[in-house]
Amino acid sequence: MMSANYISTLMLSSSLRSSITNNQSALTKASKEATTGRFADVGLELGTGTGRDVALRADFDFADQLVDTNELVSGRLDVTQNRITQLGTTASEFLKNLIAARDADSGAKIILPSASANLQDLIGALNVSYNGSYLFGGINTQTVPVTNYAAGSASKNQVDADFLATFGFSQSAAGVSTITPAQMQNFLDNVLDPEFASPAWNTNWSAATDQTLSSRISTTEVVDSSVSANQPGFRKLAEAYTMLTDLGNTGLSKDTFQVVVDKAIGLVSGAINDLAVLGGTVGSIQQRVTGASEKLKIQKDILNNQIVQMEAVDPTEASVRVNTLQTQIKTALALTSQLQQISLINYL
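Next comes the structure, spelled out in structure tokens:
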């Protein structure tokens with residue numbers, strides 16, 4: 033028995049429209065692959081290998097994040113190291129001037145301007161911020177670490193109160209000239225020293241925490257990435273500069289002034305050593321961060337190569353597919369247009 037196959041313009045048009053839709057979808061996929069160089073649908077193409085691809089990308093993203101974090105850590109440490117170096121250099125110069133002023137006539141007047149300026153420089157250096165965070169605040173990065181030493185401040189109020197309680201008059205009183213070397217030595221050792229130790233230092237001078245920031249710099253390494261304003265070297269400098277700024281030194285007898293200078297020499301010398309050690313520690317951490325970043329960049333390259341090998345498509349082949357699909361779509365559109373013009377009316 034013979035059968036008849038019917039061909040209509042509707043059937044042909046529907047077939048062409050379906051072909052156009054499918055080819056347009058394939059063209060979108062091929063264009064994306066030709067542009068990106070990777071599968072448009074990685075999961076579909078890799079199948080069971082998708083899990084490994086996802087794991088590789090997670091490792092790559094983590095390494096990339098660590099590299100970015102390390103750049104921020106390096107920036108913080110660079111500024112921190114710069115401030116420590118600056119304070120050490122200033123202290124060394126001050127120590128020379130201090131030794132020279134010890135036996136000089138009007139030594140107190142000679143040393144006063146630099147002592148006052150250095151105290152403000154110290155506070156300014158410890159209050160430096162980077163990327164919105166105070167570097168010397170410990171984990172308290174949003175609060176100014178050290179209060180300014182000025183009239184009305186807690187630090188100055190305490191020094192004024194201690195001086196008055198010990199000697200019975202203020203630093204600007206004429207009675208300052210009557211203070212003996214022994215009295216001054218007792219004041220420095222037993223009254224002033226405690227003001228620069230805990231808990232007084234943390235109450236009147238510093239809002240920083242002893243605990244410092246920690247940062248992960250690699251998959252296996254965590255380092256201290258900040259320095260606290262509570263470090264001994266900073267406190268020693270603060271005490272020495274305060275002693276030579278605000279103990280009425282210009283009114284002291286020469287022998288009593290020399291007691292102040294000798295105390296300050298010991299403090300500044302100790303601070304210079306402390307800052308040298310601290311700078312070395314920060315430098316060591318800087319080297320670790322740099323080394324970790326270099327290793328992470330190598331790791332990123334290796335991971336990227338593995339990802340590319342799994343996801344990569346042949347861009348030439350993808351471009352050929354794009355051109356072929358574009359031709360097929362144009363042809364189908366042209367045929368559809370011609371079919372739409374066919375009508376029985378033309379043949380009646």
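For the sequence shown, the working numbering assigns the number 33 to the initial residue and increments by one for each residue that follows. For each residue, glycine too, the CB sits at the ideal point set by N, CA and C.
Comparing alpha-carbon positions, the option among Phe94, Phe92, Leu119, Gln97 lying closest to Gly311 turns out to be Leu119.
Between Lys329 and Val99, the gap from beta carbon to beta carbon is short of 9 Å. When the beta-carbon positions are compared, Thr179 and Asn236 come within less than 9 Å of each other. For Val191, the enclosing alpha helix (DSSP H) covers residues 186-199. The secondary-structure analysis by DSSP pairs Tyr162 across a beta bridge with Ser165.
Taking every protein chain shown into account, the CB of Ser250 has 16 or more other CB atoms within 10 angstroms, so this residue is buried. In the structure shown, Val314 falls within a helical segment according to DSSP collapsed to helix, strand and coil.
For Asp278, the uninterrupted alpha helix (DSSP H) segment begins and ends at 264-278. Here Asp91 carries a helix assignment [DSSP, helix/strand/coil]. Within the model, the alpha-carbon separation for Pro231 versus Lys327 is close to 43 Å. Taking 9 Å as the cut-off, the beta carbon of Phe266 is found closer than this to the beta carbon of Leu158.
In the DSSP assignment, Ser238 falls outside any beta strand (DSSP E), carrying neither H nor E. Cβ atoms of Lys332 and Ala95 come within 8 Å of each other, at about 5 Å. Nearest neighbour of Phe195 by Cα position, chosen from Ser238, Asp278, Tyr181, turns out to be Asp278. In terms of Cα proximity to Leu151, the closest of Glu253, Asp192, Ala123, Leu284 is Ala123. Annotation: the continuous beta strand (DSSP E) that includes Val255 extends over 254-256.
Looking at the DSSP output, Arg248 bridges to Val254.
Here Ser204 carries a coil assignment [DSSP, helix/strand/coil]. Non-local C-beta neighbours of Ala193 in its own chain, meaning closer than 7 Å and more than five positions away in sequence, are absent.
When rounded, the separation of the alpha-carbon atoms in Arg115 and Thr244 is 17 Å.
For the options Ser257, Val300, Gln263, the alpha carbon positioned closest to that of Thr322 is the one of Ser257. Residue burial annotation: Arg108 is buried, with at least 16 other C-beta atoms found within 10 angstroms of its C-beta.
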